[in-house]
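Q: Chains as they are written, first to last, in my numbering: chain D, 243 to 392; chain Z, 243 to 392.
Beta carbons: idealized from backbone N, C-alpha and C, even for Gly.
Note that the structure is predicted; figures quoted are calculated from it, not measured.
Next up is a structure, given as structure tokens.
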DNA sequence: GGTTCAATAGGAATAATAACTAATAAATAA
DNA sequence: TTATTTATTAGTTATTATTCCTATTGAACC
């Protein structure tokens with residue numbers, strides 16, 4: 243989701259990340275940890291390209307391909323989520339806490355919100371029998387207040 | 243969603259489509275009606291490219307750009323929905339009845355399901371105050387039974 | 001039927017993503 | 001610790017998805 247965590251929480255989540263990589267047989271590289279940390283720390287949902295630009299000051303030689311590859315790898319292991327947007331570019335977030343998305347069809351901004359009632363509700367039969375569920379997200383499209391003013 | 247409708251229902255929906263175009267100030271072209279009709283009739287969620295290939299027999303000179311442009315236009319007017327998938331290619335459906343999506347992260351197939359309880363439930367306060375809501379879709383990721391067998 | 005202007009076909013351009021390969025650096029064993 | 005192994009990376013090149021451009025067409029309105 244990318245909300246600000248306290249320093250302690252952050253270190254704890256990063257430790258969990260390292261453990262998850264080890265379990266998945268992924269090497270814990272500087273690039274991977276920095277990409278994941280950035281997604282945890284920031285409050286938005288950057289594209290691979292945006293992420294690459296933001297990481298350049300800290301990792302001057304990181305390539306765009308590494309960002310794409312790393313996001314794909316982390317996504318495969320459920321550590322990062324590719325989210326739906328109103329644009330053609332894919333956007334990502336650290337898949338840490340369950341939450342949902344409000345997407346403005348005018349300004350394309352994605353906003354997070356929580357809805358614990360939905361997180362714990364039972365699925366209808368058909369969905370329940372479909373297979374093994376990994377995640378459940380509500381995606382709401384509309385026009386945000388800022389945009390409806392103008 | 244793209245479920246099979248009866249011939250009568252189909253014609254009725256197509257009439258509504260024509261009316262919606264007129265109201266929106268969109269010209270009712272053969273390409274537009276055929277694209278929309280196809281999305282209504284079929285049971286899957288094709289990409290622009292797939293749609294183009296399928297329409298070629300009926301409209302031998304339709305260009306891929308027209309398919310992309312038409313889908314974008316219809317999406318802007320809420321007649322077609324761009325749905326989230328596990329791939330980088332965008333996929334579309336006719337936005338007719340509210341429904342939700344099960345996406346298999348292995349085979350990437352998208353399956354529709356209904357959940358009337360969710361369609362009518364109240365949103366949490368934060369989401370409710372965010373702006374004007376146009377659509378609300380649950381996107382569930384997981385592994386379908388077919389894929390978990392192997 | 002004639003006029004107007006949005007929409008189209010076709011192709012060319014751009015943007016987004018993935019593939020390739022030599023060099024590098026984690027992980028593991030010695 | 002150091003050496004060895006092997007996944008991962010940087011840099012570049014290729015591919016795929018999507019959009020832009022322009023002359024031409026055809027739907028809507030007179």
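For residue 290 (chain Z), which three-state DSSP category applies?
A: If DSSP states are grouped into helix, strand and coil, residue 290 (chain Z) belongs with the helices.
Q: Taking the alpha carbon of residue 291 (chain Z) as the point to measure from, which residue in Z:338, Z:304 and Z:317 has its own alpha carbon closest?
A: Looking at the Cα atoms, Z:304 is the closest of the given residues.
Q: Compute the Euclidean distance between the alpha carbons of residue 294 (chain D) and residue 276 (chain D), then round it to the nearest angstrom.
A: Distance between the alpha carbons of residue 294 (chain D) and residue 276 (chain D): 11 Å.
Q: If you draw a straight line from the alpha carbon of residue 258 (chain Z) to that of residue 270 (chain D), how long is it in whole angstroms?
A: So the alpha carbons of these two residues sit roughly 56 Å apart.
Q: Below 6 Å CB to CB, which residues in the same chain sit around residue 323 (chain D) once its five sequence neighbours on both sides are set aside?
A: Contacts found: 335 and 337.
Q: Residue 298 (chain D) to residue 329 (chain D), Cα distance in whole Å?
A: So the alpha carbons of these two residues sit roughly 24 Å apart.
Q: Going along the chain, which residues of its own chain have a beta-carbon closer than 6 Å to the beta-carbon of residue 383 (chain D), five neighbours each way excluded?
A: The residues are 345 and 347.
Q: Are the beta-carbon atoms of residue 273 (chain Z) and residue 308 (chain Z) separated by less than 8 Å?
A: In this structure, residue 308 (chain Z) lies closer than 8 Å to residue 273 (chain Z) by Cβ.
Q: Kindly list the residues whose CB is nearer than 8 Å to the CB of residue 252 (chain D), restricted to its own chain and excluding five residues on each side of it in sequence; keep chain order.
A: The residues are 279, 282 and 283.
Q: At 9 Å on the CB atoms, spell out the chain D contacts of residue 387 (chain Z), in chain order.
A: Those are 371, 372, 373 and 374, listed as they occur along chain D.
Q: What alpha helix (DSSP H) runs, 4 residues minimum, are completely inside the segment 260-334 of chain D?
A: Entirely contained in the segment 260-334 of chain D, the alpha helix (DSSP H) runs reaching 4 residues are, in chain order, 272-283, 290-297 and 306-318.
Q: Using the rule of at least 16 other Cβ atoms within 10 Å of the residue's Cβ for burial, across every protein chain shown, is residue 332 (chain Z) buried or exposed?
A: Looking at its Cβ environment, which holds 16 or more other Cβ atoms inside 10 Å, residue 332 (chain Z) is buried.
Q: Given residue 300 (chain Z), which residues of its chain have a CB within under 7 Å of its CB, disregarding the five upstream and five downstream residues?
A: So the qualifying residues of the chain are 276.
Q: Can you pull the chain D residues whose beta carbon is under 8 Å from the beta carbon of residue 346 (chain Z), in chain order?
A: Correct list: 373.
Q: Does the Cβ-Cβ distance between residue 352 (chain D) and residue 325 (chain D) come in under 8 Å?
A: Yes, these two residues count as a Cβ contact at 8 Å.
Q: Use the C-beta contact count for residue 378 (chain D): other C-beta atoms within 10 angstroms, 16 or more gives buried, fewer gives exposed.
A: Buried, by the Cβ-count rule.
Q: Find the residues of chain D that neighbour residue 368 (chain Z), judging by a C-beta separation of less than 7 Å, and give them in chain order.
A: Going along chain D in sequence order, the residues near residue 368 (chain Z) (Cβ under 7 Å) are 355.
Q: Between the alpha carbons of residue 285 (chain Z) and residue 249 (chain Z), how many angstroms are there, rounded?
A: Straight-line Cα distance between these residues: approximately 15 Å.
Q: Flag residue 380 (chain D) as yes if its beta-carbon sits less than 8 Å from any beta-carbon of chain Z, otherwise no.
A: Yes, residue 380 (chain D) lies at the interface with chain Z (some Cβ there is under 8 Å from its Cβ).
Q: Say whether chain Z places a C-beta atom closer than 8 Å to the C-beta of residue 208 (chain D).
A: This structure cannot settle anything about residue 208 (chain D), because the visible part of chain D is limited to 243 through 392.
Q: Which residue from D:266, D:246, D:256 and D:387 puts its Cα closest to that of residue 319 (chain D)?
A: Cα-wise, what sits closest to residue 319 (chain D) is D:266.
Q: On the premise that residue 381 (chain D) lies in contact with residue 343 (chain D), defined as a C-beta separation below 8 Å, what is that separation, rounded to the nearest angstrom?
A: Correct: roughly 5 Å between the Cβ atoms.
Q: Just confirm the distance between the C-beta atoms of residue 296 (chain D) and residue 302 (chain D), as a whole number of angstroms; I'd bet it's less than 8 Å.
A: About 12 Å separates the two Cβ atoms, so there is no contact after all.
Q: Could you check the C-alpha separation between residue 366 (chain D) and residue 321 (chain D) for me, to the nearest Å?
A: Answer to the nearest angstrom: the Cα atoms are 27 Å apart.
Q: Around the Cβ of residue 349 (chain Z), are there at least 16 other Cβ atoms within 10 angstroms (buried) or fewer (exposed)?
A: Label assigned to residue 349 (chain Z): exposed.
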